[in-house]
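For the sequence shown, this note's numbering begins at 5 and goes up steadily by one.
Have a look at the structure below, then the notes.
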Amino acid sequence: MKIFIACSKHFYKEIPTIKDRLESMGHIVSMPNSYDEPMKEEKLKASNPAEHVSWKALMLKKDKENIEPNDAILVLNFDKNNQKNYIGGATFLEIYKSWEMNKKIFLFNPIPENILKDEIIGFNPVILNGDLSKIN
């Protein structure tokens, strides 16, 4: 299966281990936007707000081309700043785009208890509870 990984840039350090595990299971893995430069957004916000707006719009527009060639999306939703199973705005939009394109949606951990819970439930994701062997 071809799988696109989506998550907060704060979780990028978790990706290599998960990518290796998925590839050892025979999956092909695509990386998130700005994986090679995770803090680029923060740098742009601080140094050039106008360029940040353009860059962010470009990242959001790339969602379709990132997701389209894949069969599924794997959302790495770990705890962040006392928020259990965090899913941020950009990741939520990637989930939505995946749902819109009829891709399988996998959440590494349960759906977070927040304002987006009902919408995420509506996407009918498969909750892995950390068990990547449930991906099929």
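Positions of the beta carbon are idealized from the N, C-alpha and C atoms, including for glycine.
Identify which residue in the options has its Cα closest to the Cα of residue i.
{"i": "G93", "options": "S28, M63 and N106", "result": "M63"}
{"i": "K23", "options": "K65, T95, S51 and L78", "result": "L78"}
{"i": "K65", "options": "K101, E46 and I32", "result": "K101"}
{"i": "E18", "options": "S28, Y39, M29 and H31", "result": "Y39"}
{"i": "I32", "options": "I71, V57 and F15", "result": "I71"}
{"i": "K44", "options": "M29, L26, K60 and V130", "result": "K60"}
Assuming the contact rule is C-beta atoms closer than 8 Å, residue i and residue j should be a hit. Round their C-beta distance to whole Å, please.
{"i": "P42", "j": "C11", "result": "At roughly 10 Å, the Cβ-Cβ gap does not stay under 8 Å, so P42 and C11 are not in contact."}
{"i": "I125", "j": "I115", "result": "6 Å"}
{"i": "I91", "j": "M5", "result": "At roughly 21 Å, the Cβ-Cβ gap does not stay under 8 Å, so I91 and M5 are not in contact."}
{"i": "F112", "j": "N81", "result": "6 Å"}
Taking the beta carbon of residue i as the centre, do at least 16 other beta carbons fall within 10 Å, making it buried, or is it exposed?
{"i": "D122", "result": "exposed"}
{"i": "I7", "result": "buried"}
{"i": "T95", "result": "buried"}
{"i": "K88", "result": "exposed"}
{"i": "I119", "result": "exposed"}
{"i": "D83", "result": "exposed"}
{"i": "P53", "result": "exposed"}
Mind checking who residue i pairs with in its DSSP beta bridge?
{"i": "L78", "result": "I9 and F110"}
{"i": "K60", "result": "In the DSSP output, where bridge partners are listed per residue, K60 has none listed."}
{"i": "K84", "result": "Q87"}
{"i": "I51", "result": "In the sequence as presented, Ile is not what sits at residue 51; that position holds Ser. Partner(s): none; S51 has no beta bridge."}
{"i": "S137", "result": "Beta-bridge pairing links S137 to no other residue."}
{"i": "S34", "result": "F8"}
{"i": "I131", "result": "L111"}
Between the segment 68-84 and the segment 103-114, can you find at least three pairs of beta-carbon atoms closer than 8 Å? With the cut-off at 8 Å, the segment 103-114 and the segment 68-84 touch.
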